[in-house]
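Written out below as structure tokens is the structure these notes cover.
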Amino acid sequence: MSDIIQLLPDHVANQIAAGEVVQRPASVVKELLENAIDANATEIKLIIKDAGKTLVQVIDNGKGMSVTDARLSFERHATSKIRAAEDLFQLNTKGFRGEALASIAAIAHVELKTKQVADDLGTVIVIEGSDVKSQEVSVTPTGTSVSVKHLFFNIPARRNFLKSDTVELRHITDEFHRVALAHPNIAFAFYHNGSELFNVPQENYRQRVVHIFGTKTNEKLVPVEEETEVLKISGFVGKPEFSKKTKSEQYFFVNQRFIKSPYLNHAIKSAFEGLLKDGYHPSYFLNLMVDPKSIDINIHPTKTEIKFDDEHTLYAILRAAVKHSLGQFNIAPILDFEQQSSFNTPYNYKDKTAAAPAIEVDRSFNPFADDSSSKNSSPKTSNYNNEYKSKPTPAWESLYVGLESKSNNSPSDFSEVTFESATKNESIFNDSTIETAKTTFQLQQKYIVSTIKSGMLVIDQNRAHQRILYESFLKHITIQEATSQQLLFPLQLHYTPSETKIIQDLKTNLEHTGFVFSELSTKEITITGVPVGVPESEVSIILEQLISDVENDVPDTNFSAADLLAKSMAKSLAIKNGQSLNSTEQEHIVNSLFACKEPNVSPTNRPTFITMAVDDIEKKFM
Ligand code: ADP
Ligand code: MG
238 MSDIIQLLPD HVANQIAAGE VVQRPASVVK ELLENAIDAN ATEIKLIIKD
288 AGKTLVQVID NGKGMSVTDA RLSFERHATS KIRAAEDLFQ LNTKGFRGEA
338 LASIAAIAHV ELKTKQVADD LGTVIVIEGS DVKSQEVSVT PTGTSVSVKH
388 LFFNIPARRN FLKSDTVELR HITDEFHRVA LAHPNIAFAF YHNGSELFNV
438 PQENYRQRVV HIFGTKTNEK LVPVEEETEV LKISGFVGKP EFSKKTKSEQ
488 YFFVNQRFIK SPYLNHAIKS AFEGLLKDGY HPSYFLNLMV DPKSIDINIH
538 PTKTEIKFDD EHTLYAILRA AVKHSLGQFN IAPILDFEQQ SSFNTPYNYK
588 DKTAAAPAIE VDRSFNPFAD DSSSKNSSPK TSNYNNEYKS KPTPAWESLY
638 VGLESKSNNS PSDFSEVTFE SATKNESIFN DSTIETAKTT FQLQQKYIVS
688 TIKSGMLVID QNRAHQRILY ESFLKHITIQ EATSQQLLFP LQLHYTPSET
738 KIIQDLKTNL EHTGFVFSEL STKEITITGV PVGVPESEVS IILEQLISDV
788 ENDVPDTNFS AADLLAKSMA KSLAIKNGQS LNSTEQEHIV NSLFACKEPN
838 VSPTNRPTFI TMAVDDIEKK FM
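If you want this note's numbering, it's the 1-based position in the sequence shown plus 237.
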């Protein structure tokens with residue numbers, strides 16, 4: 238038999254390697270940014286078109302390449318960063334495999350322009366699918382510019398596999414955030430389709446975090462500093478009351494490299510023990526510096542995992558450092574940041590007796606208008622936990638406007654239920670004409686039990702209410718019938734640019750539910766109207782929930798965007814388990830549920846009720 242083994246041609250080998258290194262435009266962004274950092278750039282520009290599908294370009298002012306190096310940089314295993322295997326254990330650079338440029342050039346049209354500072358002229362190389370099309374001398378600034386066009390042009394399957402622009406841009410933004418956070422000493426700018434998404438100067442770490450996550454972030458940062466023989470920690474954790482429902486603000490950098498570490502994440506979570514509500518996650522932006530010898534990052538070129546020699550020690554030090562910082566913060570809120578008046582508000586209010594709920598008679602009257610936390614909308618809206626604690630009574634009482642039979646909750650229950658009560662939707666309860674026949678009762682403040690002809694009905698109150706609200710929101714969105722209530726004071730909210738983008742994308746749908754935006758820019762969101770029945774205090778929660786839902790399940794089509802919005806708002810506003818309901822409210826839920834198109838399931842497709850036939854009950858007595 239003849240020999241059948243052949244060596245793969247280079248361009249094929251490169252395409253295969255590319256599959257590993259380049260999954261999507263964001264991978265190109267990561268590799269190019271890292272190369273720019275390794276070249277000691279102090280200014281880096283990222284230019285993207287069509288979420289990277291048409292263009293990814295990175296321009297740096299780093300050290301550039303010589304003519305020969307420029308050509309060599311596209312060869313596989315061509316790297317200037319290691320010379321011997323031992324160097325792998327002393328790495329201070331991001332790259333070392335010499336694979337990225339070769340891989341990218343195998344599956345895209347690449348133009349490289351580069352010049353070293355000592356040279357008058359630079360080099361321009363054009364490569365398409367590993368084919369060098371041209372190499373010329375050119376006038377170009379010191380540094381390097383790499384543009385990557387038509388990614389996956391020769392692998393249509395890969396190209397078709399790319400997600401919507403929204404999703405791909407999100408991946409790119411995530412990479413950009415990680416790199417920009419790890420390198421505050423480098424100035425970054427980021428443009429997408431001609432508009433500037435970020436432009437951050439060289440700055441300190443706190444400024445960088447605030448620039449990326451929005452001005453509201455400043456007040457929530459608690460510094461963490463620790464230096465031991467094996468580990469140096471610096472950075473910030475978020476104050477517990479600013480914890481989020483998503484893990485979107487969790488950043489570990491080890492030697493300025495973004496990593497994911499469930500183990501170290503656990504160390505932080507345990508430091509926050511007892512300080513976080515269920516389902517909330519701490520924010521953190523932490524830099525760990527360790528001896529490069531003590532870690533192994535050589536696991537996978539694109540992965541963000543890392544192996545530490547001594548994980549247990551790191552865990553213990555990290556946990557202690559975070560605990561210490563949080564402890565200091567609790568005892569003395571003034572560290573290196575200014576004390577915000579809003580931090581005091583909840584504690585003052587906690588001891589106050591319930592004020593007369595003036596809001597009952599006049600919805601637009603704001604009994605806290607003279608309170609600093611109400612006037613200053615920025616801290617107020619960004620801190621909804623304080624918000625809840627600061628005015629439990631009006632929110633609670635307002636639910637019962639017009640109801641004859643008040644809930645027989647004693648005031649002492651208030652402290653436990655304030656959080657839930659504020660999330661109720663008043664509009665469904667203010668119809669006093671419903672007859673309060675005693676055909677329903679509540680079980681465990683979770684289920685509504687009612688009789689039906691054939692037996693018994695047990696309704697999950699939260700899921701049922703979600704269904705009711707969901708159908709009503711969806712109707713408003715799709716038939717575009719907005720019922721809005723005007724706010725007395727416009728509500729200003731601040732989000733990160735990428736969060737703002739999500740709201741902008743959903744603007745029309747939000748308006749159909751009753752939201753009115755007077756401004757919706759990256760600097761600020763101003764809301765002047767909200768859907769009828771949505772308390773003002775709920776607005777920031779609804780939007781936060783919405784953002785986190787979109788982040789976890791980015792809708793591609795208009796329909797699913799509307800659907801997601803309706804689901805998200807229903808989830809935020811539905812009455813919760815543990816909420817006691819009087820019989821009028823119970824009846825109303827039952828009636829509204831069965832007026833729904835699909836009463837059987839919640840918006841997330843879980844049963845809303847079960848029935849038990851008399852026959853079945855009888856069997857139990859046999
Ligand atoms: P690696 O980064 O793993 O070395 P790459 O394929 O990303 O491999 O880059 C190959 C080489 O090209 C680098 O080692 C470096 O010498 C050079 N290079 C790439 N990008 C730049 C840049 N922006 N500025 C200067 N040199 C660069
Ligand atoms: Mg590289």
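The beta carbon of each residue, even a glycine, is placed where N, CA and C say it ideally should be.
Cβ-Cβ distance between Ala-343 and Asn-251 below 8 Å: Position 106 of the sequence shown, counted from the first residue, corresponds to residue 343. Position 14 of the sequence shown, counted from the first residue, corresponds to residue 251. Going by C-beta atoms, Ala-343 is nearer than 8 Å to Asn-251.
Beta-carbon spacing of Glu-542, Lys-497 below 8 Å: One-based indexing of the sequence shown puts residue 542 at position 305. One-based indexing of the sequence shown puts residue 497 at position 260. Yes, they are a contact pair.
Alpha-carbon spacing of Glu-257 relative to Leu-283, whole angstroms: Within the sequence shown, numbered from 1, the residue matching residue 257 stands at position 20. Within the sequence shown, numbered from 1, the residue matching residue 283 stands at position 46. Whole-angstrom Cα-Cα distance: 23 Å.
Within the stretch 435-472, ranges of the beta strand (DSSP E) (whole runs, at least 3 residues): 458-464
Outcome for Gln-698 when other beta-carbon atoms lying within 10 angstroms are tallied against a minimum of 16: Locating residue 698 in the sequence shown gives position 461, where the first residue counts as 1. Result: buried.
Residue list, Cβ distance to the ligand MG heavy atoms smaller than 5 Å: Asn-272, Gly-332 and Ala-337
Glu-268 CB to nearest heavy atom of the ligand ADP below 7 Å: One-based indexing of the sequence shown puts residue 268 at position 31. Flag set: Cβ of Glu-268 near the ligand ADP.
Neighbourhood of Glu-348 by C-beta, 6 Å cutoff - its chain only, sequence neighbours within 5 removed: For this step, residue 348 is matched to residue 111 along the sequence shown. Within the same chain, Glu-348 has close Cβ partners Val-363 and Ser-384.
Host alpha helix (DSSP H) of Val-265 (start-end): Counted from its first residue, the sequence shown places residue 265 at position 28. Unbroken alpha helix (DSSP H) run through Val-265: 262-275.
Pairwise C-alpha distance: Phe-752 and Ile-671: On the sequence shown, position 434 is the one that residue 671 refers to. On the sequence shown, position 515 is the one that residue 752 refers to. Because Ile-671 sits at a pLDDT of 36, beneath the cut-off of 50, its placement in the model cannot be relied upon, and the following sentence gives the value as read from the coordinates. C-alpha separation (whole angstroms): 29 Å.
Candidates Ile-554, Ile-716, Tyr-684 and Gln-823: closest to Thr-676 by CA position: Residue 676 sits at position 439 when you count from the first residue of the sequence shown. The candidate whose alpha carbon is nearest that of Thr-676 is Gln-823.
Closer than 7 Å: Thr-316 CB and nearest the ligand ADP heavy atom: The residue given as residue 316 occupies position 79 in the sequence shown. For the ligand ADP, at least one heavy atom lies less than 7 Å from the Cβ of Thr-316.
Arg-334 beta carbon near the ligand ADP (any heavy atom closer than 7 Å): Here residue 334 refers to the residue found at position 97 of the sequence shown. Correct: Arg-334 has its Cβ closer than 7 Å to the ligand ADP.
Closer than 8 Å to chain B by CB, Ala-557: In the displayed structure, chain B is absent; only one protein chain is listed.
Proximity to Lys-712 [Cα-Cα], best of His-749, Ala-339 and Arg-445: Position 475 of the sequence shown, counted from the first residue, corresponds to residue 712. The candidate whose alpha carbon is nearest that of Lys-712 is His-749.
Where the alpha helix (DSSP H) containing Asp-528 begins and where it ends: Here residue 528 is taken as the residue at index 291 of the sequence shown, counted from 1. Asp-528 -> no alpha helix (DSSP H), and no H or E assigned at all.
Arg-494, DSSP secondary structure in three states: Working through the sequence shown from its first residue, we reach residue 494 at position 257. Three-state result, Arg-494: strand.
Alpha carbon of Lys-643 to alpha carbon of Ile-554, nearest angstrom: What you label residue 643 is simply residue 406 of the sequence shown in a count that begins at 1. What you label residue 554 is simply residue 317 of the sequence shown in a count that begins at 1. For Lys-643, the predicted model reports a pLDDT of 34, less than 50, meaning its position is unreliable and no value from the coordinates is stated.
Reduced DSSP secondary structure (H/G/I, E/B, other) of Leu-780: Here the question's residue 780 lines up with position 543 in the sequence shown. In the structure shown, Leu-780 sits in a helix (DSSP, three-state: H, G or I).
Distance, Ile-705 Cα to Ile-716 Cα: Numbered from 1 along the sequence shown, position 479 holds the residue referred to as residue 716. Numbered from 1 along the sequence shown, position 468 holds the residue referred to as residue 705. Answer to the nearest angstrom: the Cα atoms are 17 Å apart.
Residues of its chain near Met-859, where Cβ-Cβ distance is below 8 Å and the 5 sequence neighbours each way are ignored: The residue you call residue 859 lines up with position 622 of the sequence shown. There are no such residues.
Rounded Cβ spacing between Lys-370 and Gly-359 (contact assumed at less than 8 Å): Position 133 of the sequence shown, counted from the first residue, corresponds to residue 370. Position 122 of the sequence shown, counted from the first residue, corresponds to residue 359. The pair is not a contact, with the Cβ atoms about 17 Å apart (cut-off 8 Å).
Ala-276 Cβ short of 7 Å to the ligand ADP heavy atom set: By one-based count along the sequence shown, residue 276 stands at place 39. At least one heavy atom of the ligand ADP is nearer than 7 Å to the Cβ of Ala-276, so yes.
7 Å CB neighbourhood of Thr-765 in its chain, flanking five on each side removed: Along the sequence shown, read from residue 1 onward, the residue named residue 765 stands at position 528. Here the set comprises Gln-723, Leu-724, Pro-727, Val-753 and Ser-755.
Residues near Glu-312 by beta carbon distance below 7 Å, same chain, minus five either side: In the sequence shown, counting from the first residue as 1, residue 312 sits at position 75. Once the five neighbours on either side are set aside, the close Cβ partners of Glu-312 are Ala-339.
Three CB pairs or more closer than 8 Å across the stretch 676-696 and the stretch 809-819: yes
Start-to-end residues for the beta strand (DSSP E) that takes in Tyr-684: Locating residue 684 in the sequence shown gives position 447, where the first residue counts as 1. Counting along the chain, the beta strand (DSSP E) containing Tyr-684 begins and ends at 684-689.
Residue interval of the beta strand (DSSP E) (run including Thr-745): Indexing the sequence shown from 1 puts residue 745 at position 508. It is not in any beta strand (DSSP E) - Thr-745 instead sits in the alpha helix (DSSP H) that spans 744-750.
Residue(s) in a DSSP beta bridge with Thr-737: Within the sequence shown, residue 737 is the residue found at index 500, counting from 1. Bridge partners of Thr-737: none, in fact.
Nearest-angstrom Cβ-Cβ length linking Glu-405 and Lys-267, presumed shorter than 8 Å: To locate residue 405, count along the sequence shown from 1; it is residue 168. To locate residue 267, count along the sequence shown from 1; it is residue 30. At roughly 13 Å, the Cβ-Cβ gap does not stay under 8 Å, so Glu-405 and Lys-267 are not in contact.
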